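Shown next, in structure tokens, is the structure this report addresses.
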Amino acid sequence: MSNKKRAIGVFDSGYGGLTILNEFLKQLPEYDFIYLGDNARSPYGTRSYDVVYDYTLQAVEQLFSMNCELVILACNTASAKALRTIQQCDLPKIDANKRVLGVIRPSVEEVGMLTITNHVGVLGTVGTVRSNSYPLEIKKLFPEIKVIQESCPMWVPLVENNEFKSEGGQHFIKKNIENLLKRDPKIDTIILGCTHYPILLDEIRKYIPLGINLISQGEIVAKSLKDYLRRHPEMDMRCTKNGDREFYTTEFVDSFEDKASRFLNKELRAKHLDY
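In this note's numbering, the protein residues as written are 529 to 803.
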């Protein structure tokens, strides 16, 4: 990448962040983007806070070294377990002018505008649910809202192996949704707390009663990024706008290209990266 090019970095432990990037490309098509997937060490959801923090910081520093001025952690686990420490402790030492943003806060802000019953559900990975990031963040902004969480350990493998339409896949999707709604029948808004889950939207809707709001992160996070750049013109000016996209993976390129193309609904070319 040219030294003159300063892309927006998008990081995920795997493929789910591509659903976020897809919305960025729709809403901010003129900007340059670099996507980095740490597929070799995925999934992050079952790893400790310290490990997720170390891996995420490595990725952020890598994207900064590739001239990214702004990095989006398009991963709920990384946002939950690493974002705050990186923002508060690492950025001032690395470069106080650079920024790292996550995906949890924009989703939480949307909750307050949608729920009427003040009963909200979260469907997420084991790591995101255990971190309690959504209940904690919701409590800060909307202390009156009650949050019920359900971990869905099979959903990411179902997406990545394209098995979510199978009989077994439908069983797990239905089971987790029923578990959530049984525990609190007053839930009127559900957050899809994993960036893989938008791929499952049609399947999820089969088992969600009419009248329940579904919060899918891509569109919300893209809208939030667009607003962030509008409110921070100094950052916007530092981000170049040639419509370029680059894709990097820490795993095998062929495998990444095949799966990533399904997430973006188009062919792409990636490069292998060790850091």
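Note that beta-carbon positions come from the ideal geometry of N, C-alpha and C, so glycine has one too.
Bear in mind the structure is a predicted one, so any value in this text is a computation, not a measurement.
Going by C-alpha to C-alpha distance, which of His-760, Ser-570 and Gly-697 sits closest to Asp-730?
Among His-760, Ser-570 and Gly-697, the Cα nearest to that of Asp-730 belongs to Gly-697.
If the criterion is Cβ atoms closer than 8 Å, does the pair Phe-552 and Val-599 meet it?
Cβ atoms of Phe-552 and Val-599: not closer than 8 Å.
Starting from the C-beta of Gly-537, find all residues in its chain whose C-beta is less than 6 Å away, skip the five residues before and the five after it, and write them out in chain order.
Close CB contacts of Gly-537 within its chain, under the 6 Å cut and outside five residues either way in sequence, are with Ile-562, Leu-591, Cys-596 and Val-599 (chain order).
In the structure shown, what three-state DSSP assignment does Thr-584 receive?
When DSSP states are grouped into helix, strand and coil, Thr-584 belongs to the helix group.
Rounded Cβ spacing between Arg-612 and Cys-767 (contact assumed at less than 8 Å)
Not really, about 23 Å apart at Cβ, beyond 8 Å.
Verify whether the separation of the beta carbon atoms of Val-749 and Pro-634 is less than 8 Å.
For the 8 Å CB-CB criterion, Val-749 and Pro-634 form a contact.
Alpha carbon to alpha carbon, how far is Thr-645 from Ser-530? Give it in angstroms, no decimals.
Bear in mind that a pLDDT of 48 at Ser-530, under 50, signals an unreliable position, so the number given afterwards is only what the model happens to contain. Each residue's Cα considered, the two are about 51 Å apart.
With a CB to CB cut of under 8 Å and the five nearest residues on each side skipped, what residues in its chain are close to Val-684?
Scanning its chain for C-beta atoms nearer than 8 Å, with the 5 sequence neighbours on each side dropped, one finds around Val-684 the residues Gly-542, Gly-544, Pro-571, Gly-573, Thr-653, Cys-722 and His-724, in chain order.
Between the Cα of Pro-761 and the Cα atoms of Thr-547, Val-657 and Asn-625, which residue gives the shortest distance?
Comparing Cα-Cα distances from Pro-761 to each of Thr-547, Val-657 and Asn-625, the minimum goes to Asn-625.
Buried or exposed: which applies to Ser-783, given that a residue is buried once 16 or more other Cβ atoms fall within 10 Å of its Cβ?
With a 10 Å radius around the Cβ and a threshold of 16 neighbouring Cβ atoms, Ser-783 comes out exposed.
Excluding the 5 residues preceding and the 5 following Gln-615 in the sequence, name in chain order all residues of the same chain whose CB lies nearer than 7 Å to its CB.
Correct list, in chain order: Val-628.
Span of the beta strand (DSSP E), counted from its first residue to its last, around Thr-656:
Element bounds for Thr-656: not the beta strand (DSSP E) but the alpha helix (DSSP H), 654-659.
What alpha helix (DSSP H) runs, 4 residues minimum, are completely inside the stretch 713-763?
With a minimum length of 4 residues, the continuous alpha helix (DSSP H) runs that stay inside the stretch 713-763 are 729-735 and 745-759.
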